[in-house]
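If you're matching positions, the sequence shown starts at 1397 in this note's numbering and goes up one per residue. What follows is a single structure, written as structure tokens, with notes after it.
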Amino acid sequence: MAERILLTTCSFQDTPGPHHEFFESQGYEIVRERGPLSEARMLELAGEFDGFLCGDDGITRAVIEKSLPRLRVIAKYGIGLDKIDIPATKELGIPVMFTPGVNHTTVAEHTFCLMLALYRNLIETVDATRKGEWKRLTGHELWRKKIGLVGLGRIGQEMVKRARGFDMEVHGFGNFWPEEFCAEHGVTRHDSLDSLFATCDIISPHTKLNASTHHMINRERIAMMPDDAIIVNTGRGELADTAAVLGALESGKLAGYATDVMEEEPPPADHPLLSHPKAIVTSHIGSRTFESVPRQAMKAVTNLVNFLKGEGPVFCANGVVPSAEE
């Protein structure tokens, strides 16, 4: 009997590329859903699949337990694992694959796209010209602005390269600190988030979502920032306390907030950030390009195929790599 795979990630399904032919050539029975799926929907589907090729679906302990004994592998399309109960996967022996090193350039580019759009009043100006108005707003340069990066992994390092291209003053905070890279690019290291927020005109987080980073962008830290600062979030929506951000936009403490991620996705149509004049919200498209999606998708499918065949390398995120024959 052919292995049955649940495919939920929309960008995988919507973007052309070699990943489609490769996936379909394996002889799997592929069941397609439009994610991200809630825990409730995952529970409805769980139990009849050998593998998940997932995006940001709610894969909780309850979902994993209901998926057993048939489920053998979870292949994550991407690197963010916060929607998967990793302790449960370890306890229950389900390997979780992921795709490092495929979307760092794309996410960094989108971050700068949002940053420039905020500083140059792009959305408001274009909205005006589309109405036939000639609205000439005065913006700001990125030149020599102080940017604070939370996380100096692959995406953070791509941000550093681009920031230096704009002759920005780069500051960073994170447990991982690539000494040689940071010395070469003149990155100033901070020993606390408070210090970073108090120093920088722009904060841009590129770190994992966990208990210690949840709502790291909060009322207290925003209050420490220089007046007219901005925040650009292409990491996870939950890194920012939305109520605190909205309050700072209303008070004028923050000049702008741009985000590609929300605490709830998709957000309610009446979410106040979506229509706020000082906010720019894109619909989680930071890694969604015709170049990045096939790279990410091929790595996700290759992880799945190599594991189920018991041959070839896999990129395992949770340290559980039993034989596929077990």
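Backbone N, C-alpha and C fix where the C-beta goes; we use that ideal spot for every residue, glycine too.
Next item on the list: Please list, in chain order, all residues of the same chain as alanine 1636 whose beta carbon is under 6 angstroms from its beta carbon, the five residues on each side excluded.
Entry: Ile1613, Asn1629
Check: Which partner residues does methionine 1564 have in the DSSP bridge list?
Finding: Paired residues: none, contrary to the question.
Margin query: Rounded to whole angstroms, what is the Cα-Cα separation between phenylalanine 1445 and methionine 1397?
Written below: 12 angstroms
Next item on the list: Using three-state DSSP, classify alanine 1398 as helix, strand or coil.
Entry: coil
Note to self: Assuming contact is defined by CB atoms lying nearer than 9 angstroms, are glycine 1570 and threonine 1603 in contact in what I supplied?
What the structure shows: yes
Note to self: Quick check: histidine 1415 and proline 1709, are their CB atoms within less than 9 angstroms of each other?
What the structure shows: no
Check: If you draw a straight line from the alpha carbon of glycine 1631 to that of proline 1465, how long is it in whole angstroms?
Finding: 34 angstroms
Check: Considering only C-alpha positions, which residue in the set Gly1454, Leu1467, Leu1449 is nearest to arginine 1437?
Finding: Gly1454
Check: Do you know whose CA, among Tyr1653, Cys1578, Val1546, His1581, lies nearest phenylalanine 1593's CA?
Finding: Val1546
Margin query: Could you tell me the alpha carbon to alpha carbon distance between proline 1673 and leucine 1645, rounded to whole angstroms?
Written below: 9 angstroms
Next item on the list: Examine chain D for any beta-carbon lying closer than 9 angstroms to the beta-carbon of serine 1683, and answer yes or no.
Entry: Note that chain D does not occur in the displayed structure, where there is just one protein chain.
Check: If you draw a straight line from the C-alpha of arginine 1532 to the C-alpha of isoleucine 1626, how long is it?
Finding: 21 angstroms
Next item on the list: State buried or exposed for asparagine 1723, treating a residue as buried only when at least 16 other CB atoms are found within 10 Å of its CB.
Entry: In the structure as shown, the chain starts at 1397 and stops at 1722, and residue 1723 therefore has no counterpart that could be examined.
Notebook entry, point to check: Residues bridged to tyrosine 1515 by DSSP?
Noted result: Tyrosine 1515 pairs with nothing; no bridge assigned.
Checklist line | Reference arginine 1684, options Phe1408, Arg1400, Glu1634, closest by Cα | finding: Phe1408
Note to self: With distance defined between alpha-carbon atoms, name the residue in Gly1633, Gly1652, Arg1558, Ser1591 nearest to tryptophan 1539.
What the structure shows: Arg1558
Next item on the list: For proline 1432, I'd like the list of residues in its chain whose CB is within less than 8 angstroms of its CB, leaving aside the five on either flank, ordered along the chain.
Entry: Thr1404, Gly1451, Asp1452, Asp1453, Gly1454, Lys1479, Glu1661
Check: Given that a residue counts as buried once 16 or more other Cβ atoms are within 10 Å of its Cβ, and exposed if not, what is valine 1498?
Finding: buried
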